[in-house]
Amino acid sequence: MHNPTSPIGVFDSGYGGLTILQQIRQLMPDYDYVYLGDNARTPYGSRSFEIVYQFTLQAVRRLFKEGCPIIILACNTASAKALRTIQQHDLPNIDPTRRVLGVIRPTVEAIGEITRNYHVGVLATQGTIASESYPLEITKIYPHIRVSSQACPLWVPLVENNEHQSPGADFFVKKYIDGLLQKDSDIDTIILGCTHYPLLYDKIRQFTPAHIRIIAQGSYVAHSLTDYLQRHRDMQERISRQGTCRFLTTEQADRFSTSANLFLTDSPINVETITLQ
Ligand code: DGL
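Quick note: the sequence shown, position 171, residue 171 per my numbering, numbers continuous.
Okay, structure coming up:
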């Protein structure tokens, strides 16, 4: 297959990664991008380690075929369960010159500058929480931070079904925030450790005490990528710059376009259905 572009690849299990893509494109509009959403098999949050790893590896291979020299796993569940194995085990065999990066590390690096009392809460999918990636990564860099975690299994379905602004969502938003604060009432900073959760921001804010800061990941991931590319000029030069953005989905293309409007300010125009295997 001939690829006229060598874009930055952005992968998510579904639509949530669009919140990350949007921030990256705002910061670096000149690059080419290809977004891949495995919408037919979402959500990943409740799937096993092995399945998330297999699905994510399939997506990475596909984005490499699209010519991507660098891929962002814009999905916490995939970053938590598959990133390290892909980086250490698969990438050296597939192509050691390409890169696959995640969204957890950039978020974690920022957190030490944000919390004032070193009590941090994490809200994420069951898979991300079970992996313990956030507490492990945070305490590696900031051993003095106490991390409490709460899985929010119903939040992704609320967003994917466009119910995130409905009154019915209130109960489940409040329930998980209360659950987190019961684990540590001193929390002063909450990480939204799932790419879907910024869509629930208004409701999360409503049910969270005003003094607690709520951190969405998009801008941290975008700034971290900019910084990475500035430090790795060889990689920066490999990415093509025509300002294009294509969208691949494992679901129907028209369905993707309609739902993606929830996440993007401009509607995706170039959507193609693909099969991952
Ligand atoms: N995008 C995923 C994440 O950030 C959540 C969606 C899913 O469960 O597949 O964890």
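Built from N, CA and C at the ideal position, the CB exists for glycine as well.
| Query | Result |
| --- | --- |
| What's the gap between the Cα of His-211 and the Cα of Asp-188? | 7 Å |
| Span of the alpha helix (DSSP H) holding Asp-227? | 218 to 231 |
| Would His-223 and Leu-27 be called neighbours here (beta carbons separated by less than 8 Å)? | yes |
| Since I believe His-196 is in contact with Gly-37 (beta carbons under 8 Å), could you give me their beta-carbon distance rounded to a whole number of angstroms? | At roughly 12 Å, the Cβ-Cβ gap does not stay under 8 Å, so Gly-37 and His-196 are not in contact. |
| Taking the beta strand (DSSP E) that Phe-256 falls in, what are its first and last residues? | Unbroken run through Phe-256 is the alpha helix (DSSP H), 253 to 260; no beta strand (DSSP E). |
| Distance, Cα to Cα, Ala-40 vs Val-271? | 14 Å |
| Considering only residues of the same chain and omitting the five flanking positions on each side of Ile-215, which have a CB-CB separation below 8 Å? | Thr-107, Ala-110, Ile-111, Ile-114, Thr-189, Ile-190, Ile-191 and Leu-192 |
| Under 7 Å from any heavy atom of ligand 1, does the C-beta of Ile-13 make it? | Position check: residue 13 holds Ser in this sequence, whereas Ile was assumed. Yes, Cβ of Ser-13 sits closer than 7 Å to a heavy atom of ligand 1. |
| Exposed or buried, which one is Met-1 when buried takes at least 16 other CB atoms within 10 Å? | Unreliable placement is indicated for Met-1, whose pLDDT of 48 sits below 50; the coordinate value is still reported in the next sentence. By the 10 Å Cβ count, Met-1 comes out exposed. |
| Taking the alpha-carbon positions, what's the Ile-72 to Met-235 distance? | 14 Å |
| Measuring only the C-alpha atoms, how far is Pro-29 from Gly-243? | 6 Å |
| As a quick exercise: from Tyr-142, Cys-152, Val-221 and Cys-245, pick the residue whose alpha carbon is nearest that of Leu-180. | Cys-152 |
| Is it true that the region 72 to 87 meets the region 157 to 170, where meeting means three or more beta-carbon pairs spaced less than 8 Å apart? | no |
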